[in-house]
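Engineer: Using our numbering, the letters of the sequence shown map in sequence onto residues 162 to 545. Cβ atoms here follow ideal geometry from the backbone N, Cα and C, with glycine treated the same way. First, the structure itself, so that you have it in front of you.
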Amino acid sequence: MDPNLETGKSDPITEKAGKTLAELGVHDEAGVQALFDEVLTMYRAEHQRVVMMGAREDPEFGKAAKALHDRWLSQKHGLIRLINDNWLRPAPKELKPLVGPQFNQLRLQPTAEIEDLQESAASVARAVAAHRSRVAGPDLTLPGYRRELGSIHPVTRVQRELEDIFLGIGFRIETGPEIESVYNNFDALNIPESHPSRDDWDTLYIDSQTLLRTHTSPVQIRAMHKYGAPLYIITPGKCYRNENPDATHSAMFHQIEGLAVDTDITFADLKGTLDFFAKKFFGEKTRTRFQPSFFPFTEPSGEMAASCPFCEGRGCRTCKESGWIELMGCGMVHPDVLRHGGIDPERFSGWAFGLGIDRFAMLKYGIDEIQHFFQSDVRFLRQF
Ligand code: PHE
162 MDPNLETGKS
172 DPITEKAGKT
182 LAELGVHDEA
192 GVQALFDEVL
202 TMYRAEHQRV
212 VMMGAREDPE
222 FGKAAKALHD
232 RWLSQKHGLI
242 RLINDNWLRP
252 APKELKPLVG
262 PQFNQLRLQP
272 TAEIEDLQES
282 AASVARAVAA
292 HRSRVAGPDL
302 TLPGYRRELG
312 SIHPVTRVQR
322 ELEDIFLGIG
332 FRIETGPEIE
342 SVYNNFDALN
352 IPESHPSRDD
362 WDTLYIDSQT
372 LLRTHTSPVQ
382 IRAMHKYGAP
392 LYIITPGKCY
402 RNENPDATHS
412 AMFHQIEGLA
422 VDTDITFADL
432 KGTLDFFAKK
442 FFGEKTRTRF
452 QPSFFPFTEP
462 SGEMAASCPF
472 CEGRGCRTCK
482 ESGWIELMGC
492 GMVHPDVLRH
502 GGIDPERFSG
512 WAFGLGIDRF
522 AMLKYGIDEI
532 QHFFQSDVRF
542 LRQF
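Encoded structure:
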């Protein structure tokens, strides 16, 4: 290694840089030129030496680049600084126009080149550290990566809350595929091809026998085949319908299906369970209401509503002054559906419900636009 770089000891240039032009006896253009040539030659040699160290991956490369930087560019004692202070500034008027351009050339080249060298020394150091961490485990002295903490998505949060209520009364969680057979999604649920109620679901078909499930009800069929009766399950998951997005509709949304199959299950079990559920979720004061409805896979079918948790049934904006909030469709499992699931309707009966998780999340957090859930805007998500 160059002794000057190592020790910073005096060399001809350092000595000269400490003196003025007058002290050096330089009084004309030729003298100025010769002096700057000498400096540049010396600089080039030193720079070249460090470049070569980098090229052969010398372990001292980083140190040498730093030493070169300090020797030439240090703000306090660097050669460029000394030459500026001793040659340029005190130069007599007639020499200034000659010294100025020479000095600028000298300053610009090393500054750019040395900075490049240090950058490549840094990337070599990074590569070496990366290599070391591969062969010898991570360098524990390095600062860690700081990752931004995420949070649970509001829909997931509400899904878990809903699940917990049912898990607490003996239901288990069962899931099914989002890509489903037309048979499970429709036929087995007592919706034959010709039946007009198929049109109630704007279905996204993959081919004539496969679709994106329009509800979680097909998991009823899968679970009946898989476990038989008795059966107590809830089935959270994504569903798809060919809807135009608006404040309350999204082509992808979330449902939870509930299914209870056992001996002697009656509508009273359905009402009791869903009333218990509504009180757990919205508060003990909540009242529930069941109105007749129609679904091909339940008979009788109903719509279940809860007294509005915001106005306690007096009427407000959220419940559209009705005092009630529609929560879900439900009913007694149609005997044909039990049969399609391989369960004997003479021995077993059941009830089922299907609810929209997104809607529950909107109610819970007072969100009036379902699209917020699926736009991944951190300004929205950070609030949960
Ligand atoms: N699958 C129905 C829907 O998506 C909801 C439902 C489920 C109704 C189970 C009754 C029983 O609208």
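Would you check if the stretch 217-236 and the stretch 244-263 touch, i.e. whether three or more CB-CB distances between them fall below 8 Å?
Structural biologist: Flag = no, the stretch 244-263 and the stretch 217-236 do not touch.
Engineer: Pull up the DSSP beta-bridge partners for residue 400, would you.
Structural biologist: Beta-bridge pairing links residue 400 to 414.
Engineer: Rounding to the nearest angstrom, what Cα-Cα distance links residue 163 and residue 266 in this structure?
Structural biologist: Low confidence applies to residue 163: its pLDDT is 48, below 50, so where it sits in the model is not reliable, and the reading given next is rough at best. Taking the straight line joining both Cα atoms gives about 24 Å.
Engineer: Expressed to the nearest angstrom, what Euclidean distance is found between the alpha-carbon atoms of residue 283 and residue 326?
Structural biologist: Roughly 56 Å separates the two Cα atoms.
Engineer: Taking only heavy atoms of the ligand PHE into account, decide whether any of them is closer than 7 Å to the Cβ of residue 514.
Structural biologist: For the ligand PHE, at least one heavy atom lies less than 7 Å from the Cβ of residue 514.
Engineer: At the level of alpha carbons, what is the spacing between residue 441 and residue 512?
Structural biologist: Going from the Cα of residue 441 to the Cα of residue 512 covers about 20 Å.
Engineer: So is residue 377 buried or exposed if we call it buried at 16+ other beta carbons inside 10 Å?
Structural biologist: Buried.
Engineer: For the ligand PHE, is there a heavy atom less than 7 Å away from the beta-carbon of residue 378?
Structural biologist: Yes, Cβ of residue 378 sits closer than 7 Å to a heavy atom of the ligand PHE.
Engineer: Quick check on the DSSP output: the beta strand (DSSP E) that includes residue 485 runs from which residue to which?
Structural biologist: Unbroken beta strand (DSSP E) run through residue 485: 485-494.
Engineer: Note down the Cα distance separating residue 482 from residue 527, rounded to an integer number of angstroms.
Structural biologist: Answer to the nearest angstrom: the Cα atoms are 16 Å apart.
Engineer: What's the gap between the Cα of residue 475 and the Cα of residue 463?
Structural biologist: For residue 475 and residue 463, the distance between alpha carbons rounds to 23 Å.
Engineer: Between which two residues does the beta strand (DSSP E) carrying residue 455 extend?
Structural biologist: Looking at the DSSP string, the run of the beta strand (DSSP E) that includes residue 455 is 449-456.
Engineer: Roughly how many angstroms lie between the CA atoms of residue 499 and residue 320, to the nearest whole one?
Structural biologist: Cα to Cα, residue 499 sits roughly 27 Å from residue 320.
Engineer: Would residue 179 pass as a contact of residue 229 if the rule is Cβ separation under 8 Å?
Structural biologist: Going by C-beta atoms, residue 179 is not nearer than 8 Å to residue 229.
Engineer: Buried or exposed, going by whether 16 or more other CB atoms sit within 10 Å of the CB of residue 292?
Structural biologist: Classification for residue 292: exposed.
Engineer: Given 7 Å as the limit, tell me if residue 438 has its C-beta closer than that to any heavy atom belonging to the ligand PHE.
Structural biologist: No, the Cβ of residue 438 stays beyond 7 Å of every heavy atom of the ligand PHE.
Engineer: Three Cβ pairs or more, each shorter than 8 Å: is that satisfied between the stretch 389-398 and the stretch 345-357?
Structural biologist: No, they do not touch.
Engineer: Return helix, strand or coil for residue 187, following the three-state DSSP convention.
Structural biologist: Note: residue 187 maps to coil in three-state DSSP.
Engineer: Is the beta carbon of residue 411 less than 8 Å from the beta carbon of residue 535?
Structural biologist: In contact: residue 411 and residue 535 (Cβ atoms closer than 8 Å).
Engineer: Spatial neighbours of residue 540 within its chain, please: C-beta separation below 6 Å, excluding the five flanking residues on both sides.
Structural biologist: Cβ within range, chain order: n/a, list empty.
Engineer: For a test of your reading of the model: does the CB of residue 545 fall under 7 Å from any non-hydrogen atom of the ligand PHE? Yes or no.
Structural biologist: Not so, every heavy atom of the ligand PHE lies at least 7 Å from the Cβ.
Engineer: Report back the beta-carbon spacing between residue 402 and residue 363 to the nearest angstrom; my notes put them in contact at under 8 Å.
Structural biologist: With a Cβ gap of about 5 Å, residue 402 and residue 363 count as contacting.
Engineer: Kindly examine the ligand PHE and report whether one of its heavy atoms sits closer than 7 Å to the Cβ of residue 492.
Structural biologist: Indeed, a heavy atom of the ligand PHE lies less than 7 Å from the Cβ.
Engineer: Just the Cα atoms here: how many angstroms apart are residue 538 and residue 316?
Structural biologist: Distance between the alpha carbons of residue 538 and residue 316: 14 Å.
Engineer: Cβ of residue 459 within 7 Å of any heavy atom in the ligand PHE?
Structural biologist: Yes, Cβ of residue 459 sits closer than 7 Å to a heavy atom of the ligand PHE.
Engineer: So is the beta-carbon of residue 347 under 7 Å away from any non-hydrogen atom of the ligand PHE?
Structural biologist: Answer for residue 347: no, Cβ out of range of the ligand PHE.
Engineer: CB residue 542 to CB residue 312, shorter than 8 Å?
Structural biologist: A contact, by the Cβ cut-off of 8 Å.
Engineer: Under 7 Å from any heavy atom of the ligand PHE, does the C-beta of residue 456 make it?
Structural biologist: Checking every heavy atom of the ligand PHE against the Cβ of residue 456, one is found closer than 7 Å.
Engineer: Over what stretch of residues does the alpha helix (DSSP H) that includes residue 545 continue unbroken?
Structural biologist: Where residue 545 is concerned, there is no enclosing alpha helix (DSSP H), given that its DSSP letter is neither H nor E.
Engineer: I'd like to confirm the pairing. Which residues does DSSP put opposite residue 546 in its beta bridges?
Structural biologist: Here the chain covers residues 162 to 545 and nothing more, so residue 546 does not appear.
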